[in-house]
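Trainee:
Residue numbers (my numbering): 2 to 94.
1) Pull up the distance between the alpha-carbon of residue 25 and that of residue 17, whole angstroms please.
2) Going by DSSP, what residues sit across from residue 75 in a beta bridge?
3) Just to confirm the assignment, what range does the alpha helix (DSSP H) spanning residue 36 have?
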């Protein structure tokens, strides 16, 4: 009885490169398809924002923040030991 030759299961360099190229091409194609599927939603959101933006503008209100909050440091009675530092609170100078 003649036995069948054993099939080689080792990966050759050519096969590895072909599989890697196929993987990269499929990832690229998937990215293109996904971006094309999401494109109408992005265009719709863009048009909605452009249409809504003029109605949100209010005249006479200045939102320009000219002074930044300042850090407060509380010292002990000796004048050198720091007890606490406050920064995130609303401090008005």
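Think of the CB as a built atom: it goes at the ideal place given N, C-alpha and C, for glycine as much as any other residue.
Since this is a predicted model, take the numbers as computed values, not measurements.
Mentor: On the basis of the supplied data:
1) One C-alpha to the other measures close to 12 Å.
2) Beta bridge pairing from DSSP links residue 75 with 85.
3) Counted as a single uninterrupted DSSP element, the alpha helix (DSSP H) harbouring residue 36 occupies residues 14-57.
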